[in-house]
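Each remark here refers to the structure printed beneath this line.
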């Protein structure tokens, strides 16, 4: 933007210029901008985490595809042995 251009912002369907705000209002705009950036980064990180989790679940399932499934009796026996 040029030196004489103002930064528009829309609040409740009404347009304002940030440069016309007082210091407190400008600080609030800065907080909102920062929070929007953090929310965007958090969504990006969540997408990565969800994808990574699915990749590990898929990899685990592939390693178990030929493995013998544990029956309920086997599970109870293992559970009892580990508790005692």
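Residue numbers (the working numbering): 658 to 741. Glycine included, each C-beta is placed from N, C-alpha and C at the ideal position.
Legend entry - Beta carbon proximity, residue 722 to chain D, threshold 8 Å: Checking the listed chains, one finds no chain D in this structure; it contains a single protein chain.
Legend entry - Straight-line gap, residue 678 to residue 699 (C-alpha atoms, nearest Å): Roughly 29 Å separates the two Cα atoms.
Legend entry - Cα-Cα separation between residue 697 and residue 708, rounded to whole angstroms: Approximately 17 Å between the Cα atoms of the pair.
Inset, instruction - Within the stretch 662-737, note down every full beta strand (DSSP E) run reaching 3 residues or more, in order along the chain. - result: 665-668, 671-674
Legend entry - Candidates 690, 716, 676, 667, of which the one nearest residue 660 by Cα: 676
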